[in-house]
Amino acid sequence: LTDGAIVAIKNTSGYLLCCNAEDRVAVGQLRKRKSRPQKPFAVLYPSVEKLQTEIGLTRDQIDLLSSRERPITILPLSSYHGKIALDLVAPELNQLGVMLPYSGILQLLANELSFPIVATSGNIHRSPIISGREEAVERLDQVADYFLQHNLRILHPQDDSVLKFSKKFDIPVFFRRSRGYAPNYLDDLPKSKEVLMAMGSQLKSTIAYYPNNYLYISEYLGDLENYNVYERFTHTVHSFISIFEKQPEVVLVDKHPGYNSTRYGRELAEKNNSKVFEIQHHKAHLAAILAEHQLFDSTVLGVIFDGTGYGDDGQVWGGEFFNYCDKTIERIEHFQYFDWLLGDKMSMEPRLSLLSLADDMMEAYLVKKFSASEIKTYNSILKSHTLKTSSVGRLFDAVASLIGICDYNTYEGEAAILLENFIDTYDASTCRNYHEIIDKGISARLIIKEMYQDLLAGVSQKQLAANFLFTLASIIIKMAEKYEAENVVLSGGVFQNTTLVDMLFELAPKEIKLYFHKNLSPNDENIAFGQIAYYLNINDQQ
827 LTDGAIVAIK NTSGYLLCCN AEDRVAVGQL RKRKSRPQKP FAVLYPSVEK LQTEIGLTRD
887 QIDLLSSRER PITILPLSSY HGKIALDLVA PELNQLGVML PYSGILQLLA NELSFPIVAT
947 SGNIHRSPII SGREEAVERL DQVADYFLQH NLRILHPQDD SVLKFSKKFD IPVFFRRSRG
1007 YAPNYLDDLP KSKEVLMAMG SQLKSTIAYY PNNYLYISEY LGDLENYNVY ERFTHTVHSF
1067 ISIFEKQPEV VLVDKHPGYN STRYGRELAE KNNSKVFEIQ HHKAHLAAIL AEHQLFDSTV
1127 LGVIFDGTGY GDDGQVWGGE FFNYCDKTIE RIEHFQYFDW LLGDKMSMEP RLSLLSLADD
1187 MMEAYLVKKF SASEIKTYNS ILKSHTLKTS SVGRLFDAVA SLIGICDYNT YEGEAAILLE
1247 NFIDTYDAST CRNYHEIIDK GISARLIIKE MYQDLLAGVS QKQLAANFLF TLASIIIKMA
1307 EKYEAENVVL SGGVFQNTTL VDMLFELAPK EIKLYFHKNL SPNDENIAFG QIAYYLNIND
1367 QQ
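See below:
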């Protein structure tokens, strides 16, 4: 490591790829070999004391970093004065994920080095973390110069957990719930007479299993479109079943017929002659947050904002407002539909979301982002397109493209991360709301139109980004006031945006109580738990 090598270290939960975080050549080589051009790396420091010589820490951050779980904690870099190659470790970001040693081998190593080290999951891009010696040598041989091995068998490899605190109100938000926090169990749900298995979502997959008086939730598994992740997913399902020696009597699946989790759930149910029960994606999100806060006996406004989810009407949902009362869920409002273009390609190219939401006034602006043939082809598709979406996640992408931050995602959620990154600080009193009136519906197109006018008027990227988040927060508070909601629960990947979380707390009057996830991530990691919570508590079951 001192000489600039990349070392694959077999740790207690899987392999880590490590290099000197201050060595630009080593970090650049790691990016190249791992095929990871932009996604940030985490950095390992030997102690809080060493970390504090380079980055200012709050008491909450120190406590989290030093906790027994030792997660990666995302820290702002406004006060950074170290020697890390930041432009390579965390490209274009003003934040850095750091952690302290959580095993003997990492502590011994960190103590011997005079520099912090990059410590990233030992895998190839989008594949699960590797834990076996033979697989590591075979798959990481072109990445690592050296291997540090031991003979511990790792049955359930895990990525590092990731959390971040919001800047103003110190609200902790899970980005990934894994090592140290999972698998774990809960015992405060209604008891089930049936053995339940929930298969979760397609992205950020987890499973949940209810074989006895305890509900068990797996660690983060990954994206099931990747074959290696899918293998890890099926292994985890069968591992849970074999530990308790109970086959599921009811298998809970997402309503999306194309999800690999849904398909496998149906196969598992058919094999064991079990019942299959479908649960709509965003209603599972809602049930998860209701269960975390024990709100099933309350009347609640549910706000679920994310990138995608198969809706009850066959469209792609993602900007939803639900009323929960008396064990029933009603979809009462949503962002007005716009065209969902080219499937997964839309989530990888934020410019496509902008194209879908742009009006005729923006034609000259779009020419900068598309070739003439592309515009002709895409406009032809739009004229005959029938699949629609209410996705706030895609609205984030459109905004990032509009203000010149990101037209292509190199990793999931990049546009949204870069968008928040532009806002070091904000003053809510100077922010503009682009959607003052909500009585006639909530229009993503209107937000884009108003932002474009501000862009032409010379408003800065930073202010435009702050205005956008302020607009979303204002819409949520106005909806709560419209429906006289005293309790507002918020779930979905959009609420990993800690600036939006802060704005909501700042704007909410004292009559409105906001609830965010506390033990789970707001993203799709909570879907499996939500599926079981829904099945046990909701009466509007199809």
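For the working numbering, count along the sequence shown from 1 and bump the result up by 826.
The C-beta atom is built at its ideal place from N, Cα and C for all residues, glycine as well.
Look up Val1315 in the DSSP assignment and give the residues it is bridged to. Gly1128, Tyr1341
Counting pairs of Cβ atoms below 8 angstroms between the region 1337 to 1355 and the region 1157 to 1167, do you hit three or more? no
Leaving out five residues before and five after Lys909 in sequence, what residues of the same chain have Cβ atoms less than 7 angstroms from its Cβ? Glu848
For Tyr1260, report the span of its alpha helix (DSSP H) as first-last. No alpha helix (DSSP H) holds Tyr1260; DSSP gives it neither H nor E.
Can you tell me whether Asn1054 sits near the ligand ZN, meaning its C-beta is under 8 angstroms from at least one heavy atom of the ligand? Ligands are entirely absent from the displayed structure, and the ligand ZN is therefore not among its contents.
Span of the alpha helix (DSSP H), counted from its first residue to its last, around Asn1205: 1198 to 1210
Say whether the region 986 to 1005 touches the region 1328 to 1339, bearing in mind that this needs 3 or more beta-carbon pairs closer than 8 angstroms, one atom from each stretch. yes
According to DSSP, what are the bridge partners of Ser947? Leu842
Near Ala1292, which residues of its chain fall below 7 angstroms by C-beta distance, leaving aside the five closest residues on each side in sequence? Ile1249, Tyr1252, Cys1257
Who are the near neighbours of Gly1128 in its chain, counting only those whose CB is closer than 6 angstroms to its CB and skipping five residues on each side? Leu1112, Phe1148, Tyr1150, Val1315
Is the number of C-beta pairs between the region 1262 to 1280 and the region 1290 to 1307 that are closer than 8 angstroms three or more? yes
So who's on the other strand from Pro998, going by DSSP bridges? Phe991
Just mark Gly923 as buried or exposed, buried being the case when its beta carbon has 16 or more other beta carbons within 10 Å. buried
Below 8 angstroms on the Cβ atoms is my guess for Tyr841 versus Ile931; work out the distance and round it to an integer in Å. Rounded, the Cβ-Cβ distance is 12 angstroms, inconsistent with contact.
Starting from the Cα of Ser839, find the closest Cα among Leu890, Leu914, Ala945 and give me that residue. Ala945
Where does His1061 land, buried or exposed, given buried means 16+ other C-beta within 10 angstroms? exposed
Let me check understanding here. Comparing Cα to Cα, which of Asp986, Leu1333, Leu974 lies closest to Ile900? Asp986
Under 9 angstroms, do Tyr1035 and Leu1047 count as touching if we go by C-beta distance? no
Please state whether DSSP places His907 in a helix, a strand or coil. coil
Nearest by alpha-carbon distance to Thr1203: which of Lys1194, Ala831, Leu1167 is it? Leu1167
Looking at Ser947 and Val1055, is the spacing between their C-beta atoms short of 9 angstroms? no
Rounded to whole angstroms, what's the CA-CA distance from Pro1176 to Leu914? Just pull it up for me. 23 angstroms
Ile1155 and Leu919 - do their beta-carbons sit closer together than 9 angstroms? no
Using the three-state DSSP reduction, which class does Leu1178 fall into: helix, strand or coil? helix
I need the DSSP call for Phe1147, collapsed to helix, strand or coil. strand
For the region 1030 to 1083, which segments carrying the beta strand (DSSP E) assignment without a break, of at least 3 residues, lie completely within its bounds, in sequence order? 1034 to 1036, 1041 to 1043, 1076 to 1080
Going by alpha carbons, who is nearest to Asp967 out of Leu981, Ile980, Leu978, Ile950? Ile950
So, are the CB atoms of Asp1152 and Ile1353 less than 9 angstroms apart? no
As an exercise, report each continuous alpha helix (DSSP H) stretch of at least 4 residues that is fully enclosed by the region 846 to 921, in chain order. 850 to 860, 874 to 878, 885 to 892, 912 to 915
DSSP state of His1111, grouped into three classes? helix
Give me the DSSP bridge partner(s) of Val1327. Val1327 pairs with nothing; no bridge assigned.
Looking at the unbroken beta strand (DSSP E) that takes in Asn1293, where does it start and where does it end? Looking at the DSSP string, Asn1293 is not in any beta strand (DSSP E); the run it does join, the alpha helix (DSSP H), is 1287 to 1308.
Residues that Glu1104 bridges to, as DSSP identifies them: Val1079
With distances taken Cα to Cα, identify the nearest neighbour of Pro1083 among Phe1103, Tyr1237, Ile1207, Ile1043. Phe1103
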